[in-house]
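*Asks:*
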Amino acid sequence: MLLTSACSDSLLDVKNENTYTDATYFKTKTQFNEAVLATYAVFSHTGMMAREWYFIFDLLANEAERSSALVGTELQLTDYSYTNNNEDIVGLWSSLYRMIFRANLSLKVMETWTPADASEETLKAQYIAEAHWLRGFAYFNLVTNWGRVPLKMTYDESKVNSSPRASVEEVWKVVENEFTLAIPDLPVAYSADQKGRATKGAAIGFLGKTYLFQKKYDLALAELTKLTAAPYTYVLDPSYDHLFSEDNINSPEVIFAVNHVYTTSNTQYYMFGGQEGEDGKTFHTGRAQEYGFNDWENVTISNALVAAHTYADPASGAAGYIDPRAGYTYYGSAANGGDVEYCDFCSTGAIKYPFDFYSNRYRKYEPYEFQKYTEAPMSGINTHVMRYADVLLMIAEAYIEKASPDVAKGIGYVNQVRNRPDVMAKNYTVSVSQSEARTIVRRERRIELAGEQSRWFDLNRWGIAREVLNAEHPEGPGQYPFLDKHILLPIPIAERNSNAELAADVSNDWN
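Just so we're aligned: the sequence shown equals residues 2 to 512 in my numbering.
1. Considering only the alpha carbon of each residue, which of A409, E254, Y363 and M425 lies closest to E66?
2. When you compare the segment 136 to 155 with the segment 164 to 180, are there three or more beta-carbon pairs, one atom per stretch, that lie closer than 8 Å?
3. Touch check for the segment 323 to 338 and the segment 400 to 409: three-plus C-beta pairs under 8 Å?
4. Per the DSSP calculation, H533 is bridged to which residue(s)?
5. What does the Cβ neighbour count give for N420, buried or exposed, with the cut at 16 atoms within 10 Å?
6. Please check if any C-beta of chain D sits within less than 9 Å of the C-beta of A51.
7. If the criterion is Cβ atoms closer than 9 Å, does the pair D506 and P253 meet it?
8. Taking the Cβ atom as the reference point for each residue, do G92 and T47 lie within a distance shorter than 9 Å?
9. So, is L237 buried or exposed, given that buried needs 16 or more other C-beta atoms within 10 angstroms?
10. Less than 6 Å between C-beta atoms, sequence neighbours within five positions excluded: which residues of the same chain meet that for N86?
11. Thinking F180 and W134 are a contact (beta carbons under 8 Å), I'd like their distance in whole angstroms, please.
12. Could you pull the start and end residues of the alpha helix (DSSP H) that K412 belongs to?
13. Output the distance between the C-alpha atoms of Y374 and D345, rounded to the nearest integer angstrom.
14. What is the rounded straight-line gap between the Cα of I441 and the Cα of L450?
15. For M2, is the classification buried or exposed, using 16 other Cβ atoms within 10 angstroms of its Cβ as the cut-off for buried?
16. Can you tell me which of D296, H310 and D314 puts its alpha carbon nearest to the alpha carbon of A336?
17. So, using beta-carbon positions, are E64 and R467 closer together than 9 Å?
18. Kindly indicate which residue of L71, D357 and Q215 has the alpha-carbon position closest to the one of G333.
19. Going along the chain, which residues of its own chain have a beta-carbon closer than 8 Å to the beta-carbon of K282, five neighbours each way excluded?
20. According to DSSP, is G92 part of a helix, a strand, or is it coil?
21. Would you mind sorting A132 into buried or exposed? The rule is 16 or more other CB atoms within 10 Å of its CB.
22. Can you list, in chain order, the residues of its chain whose CB lies under 6 Å from that of A221, leaving out five sequence neighbours each side?
23. Once DSSP output is grouped into helix, strand and coil, what is the label at I492?
24. Measuring only the C-alpha atoms, how far is V110 from M425?
25. Going by the beta-carbon positions, is the gap between T229 and I396 smaller than 9 Å?
26. Within 10 angstroms of its Cβ, does A117 collect 16 or more other Cβ (buried), or is it exposed?
27. Find the nearest neighbour of S434 within the set G411, K427 and N416, judged by alpha-carbon distance.
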């Protein structure tokens with residue numbers, strides 16, 4: 002008997018039942034939710050709010066200065082010597098496109114969901130809206146930092162390396178559309194266990210901000226002023242200090258924040274790897290450890306930012322008025338308004354700040370009023386992305402800058418922010434010129450939002466980045482000048498190597 006054997010094509014194509022694909026995994030409402038949560042999880046990735054986000058935007062805008070401990074990648078940011086392979090900038094670019102990729106995947110798999118009832122219909126609409134909001138957030142940060150960028154609007158497009166750059170106008174149109182699509186189906190608020198997700202207010206706020214950045218002031222006002230009335234209940238937190246505590250998730254001022262949770266379930270060096278939290282939307286951050294004077298202290302608050310807290314008295318015009326927010330923003334000397342003690346609520350009692358005669362350090366986002374050391378880079382203090390004071394100041398700016406300015410109304414919104422109960426800064430008179438009002442609102446944003454990664458975007462929106470930063474950072478040994486090219490970040494060299502269409506459209510090895 003002759004025995005023979007043969008291979009069948011069907012045997013070679015056996016399906017691995019232990020693996021999932023996007024076509025086979027998403028079946029239940031829990032799994033569809035996971036797709037969206039995975040998109041939020043990018044907030045913890047390299048270049049984002051676990052670590053590098055703070056260095057990038059605080060150092061570029063001179064809100065922070067290097068200490069002797071700062072080296073390498075971050076050091077390049079403070080002296081403008083960075084190139085197209087700076088790891089922090091590359092990480093930011095990659096993470097923003099990863100957020101887009103995951104949002105695109107979320108939108109694709111939602112097409113396969115047939116809701117079982119009305120509650121699932123509502124959830125499906127919400128998840129789709131969240132994906133649009135997250136994609137809008139990513140493109141907002143791409144267009145403001147890189148200008149012309151590739152648009153990848155579908156899951157299939159996200160998997161293709163080579164794609165051309167869209168015009169700035171085209172990208173802004175996408176951003177407007179994403180936030181507009183998100184608004185109808187996002188809730189006004191979430192239950193406590195769902196905080197950290199984008200709300201209707203976050204979509205309206207970012208749509209208004211998008212219009213403001215394009216100088217569409219009337220459209221910005223139409224959106225932003227919605228947040229000052231029902232059904233929205235945003236108010237200024239009575240305590241400026243509370244905004245930067247571990248309990249700030251409960252602040253009535255928060256419009257969108259990236260949630261952080263103090264956790265010991267991972268190595269303390271978790272933040273360097275950009276791993277994701279277990280539920281996709283919470284993780285810890287190393288900012289407190291990196292900035293803290295009793296910890297690593299890789300950077301300090303800049304002298305220019307400290308100096309900005311002293312200005313002419315709004316009532317009398319006399320020089321030397323110190324803004325009351327100084328003591329909440331930095332530790333320093335009584336002469337410059339800094340907090341002269343820390344550990345006010347420690348069991349040991351208050352401790353004198355040791356460097357008050359020669360150096361200031363960040364107090365914002367630090368836990369030093371409650372503990373002497375951060376102990377590990379696992380801070381649970383949430384990162385504000387948009388809060389109500391920011392909205393009020395954007396409204397003020399729009400009133401001051403629009404074609405038919407209403408300076409008095411704009412200054413009124415500035416004074417609202419200054420009237421926070423534990424701040425009560427002296428109010429400005431409303432009878433000022435447009436030029437004076439512009440100076441006022443710009444200074445107010447610098448002080449109110451100090452160390453919140455807003456200044457870089459503000460300086461570029463106002464078109465004064467080169468003028469201001471070269472004045473604050475004079476060229477000299479170890480300091481390069483801020484050039485026009487620095488207004489946009491360099492396109493990462495790795496992206497150019499993998500995207501021929503983009504590479505052919507980059508000028509001067511930069512952008």
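For glycine and all other residues, C-beta sits at the position ideal for the given N, C-alpha and C.
Keep in mind it's a predicted model, so treat the numbers as computed, not measured.
*Replies:* In short:
1. Your numbering for residue 66 matches position 65 in the sequence shown. Ranking the options by Cα distance to E66, first place goes to Y363.
2. yes
3. no
4. Because the chain is modelled from 2 through 512, residue 533 falls outside the range shown and cannot be assessed.
5. Looking up residue 420 in the sequence shown gives position 419. So N420 counts as exposed.
6. Absent here is chain D; the protein component of the structure consists of one chain.
7. Locating residue 506 in the sequence shown gives position 505, where the first residue counts as 1. Locating residue 253 in the sequence shown gives position 252, where the first residue counts as 1. Cβ atoms of D506 and P253: not closer than 9 Å.
8. Translated into the one-based positions of the sequence shown, residue 92 becomes position 91. Translated into the one-based positions of the sequence shown, residue 47 becomes position 46. Yes, the pair counts as a contact, with Cβ atoms nearer than the cut-off.
9. Position 236 of the sequence shown, counted from the start, is the residue given in the question as residue 237. Buried, by the Cβ-count rule.
10. By 1-based counting over the sequence shown, the position of residue 86 is 85. Cβ neighbours of N86 beyond the five flanking positions: I494.
11. Within the sequence shown, numbered from 1, the residue matching residue 180 stands at position 179. Within the sequence shown, numbered from 1, the residue matching residue 134 stands at position 133. The Cβ separation is near 7 Å, so the contact holds.
12. Counting from 1 along the sequence shown, the entry for residue 412 is found at position 411. The amino acid at residue 412 is misidentified as Lys; the sequence shows Ile. First-last of the alpha helix (DSSP H) with I412: V408 to R419.
13. Taking the sequence shown and counting its residues from 1, one reaches residue 374 at position 373. Taking the sequence shown and counting its residues from 1, one reaches residue 345 at position 344. In a straight line, the C-alpha of Y374 is about 13 Å away from that of D345.
14. In the sequence shown, the residue the question calls residue 441 occupies position 440. In the sequence shown, the residue the question calls residue 450 occupies position 449. Answer to the nearest angstrom: the Cα atoms are 14 Å apart.
15. Residue 2 sits at position 1 when you count from the first residue of the sequence shown. Only weak support exists for where M2 lies, its pLDDT of 37 falling under 50; the coordinates are left without a value.
16. Counting from 1 along the sequence shown, the entry for residue 336 is found at position 335. It is H310 whose Cα lies nearest to the Cα of A336.
17. For the purposes of this step, residue 64 is identified with residue 63 of the sequence shown, where counting begins at 1. For the purposes of this step, residue 467 is identified with residue 466 of the sequence shown, where counting begins at 1. No, the Cβ-Cβ distance between E64 and R467 is not below 9 Å.
18. Position 332 of the sequence shown, counting from 1, holds the residue named residue 333. Cα-wise, what sits closest to G333 is D357.
19. By 1-based counting over the sequence shown, the position of residue 282 is 281. Reliability of the predicted coordinates at K282 is poor, the pLDDT of 42 falling under 50, and no value is obtained from them.
20. By 1-based counting over the sequence shown, the position of residue 92 is 91. Helix.
21. As a first step, residue 132 must be located in the sequence shown, where it is residue number 131. Buried, since its Cβ has 16 or more Cβ neighbours within 10 Å.
22. Locating residue 221 in the sequence shown gives position 220, counting from the first residue. Excluding positions up to five away in sequence, the list reads G209, Y212, L213 and A399.
23. Taking the first residue of the sequence shown as 1, we reach residue 492 at position 491. Of the three classes helix, strand and coil, the one that applies to I492 here is coil, per DSSP.
24. For the purposes of this step, residue 110 is identified with residue 109 of the sequence shown, where counting begins at 1. For the purposes of this step, residue 425 is identified with residue 424 of the sequence shown, where counting begins at 1. So the two alpha carbons sit approximately 50 Å from each other.
25. Your numbering for residue 229 matches position 228 in the sequence shown. Your numbering for residue 396 matches position 395 in the sequence shown. Yes, the pair counts as a contact, with Cβ atoms nearer than the cut-off.
26. Position 116 of the sequence shown, counted from the start, is the residue given in the question as residue 117. Burial call: exposed.
27. Start at 1 with the first residue of the sequence shown, and residue 434 comes out as number 433. That would be G411, whose Cα lies nearest to the Cα of S434.
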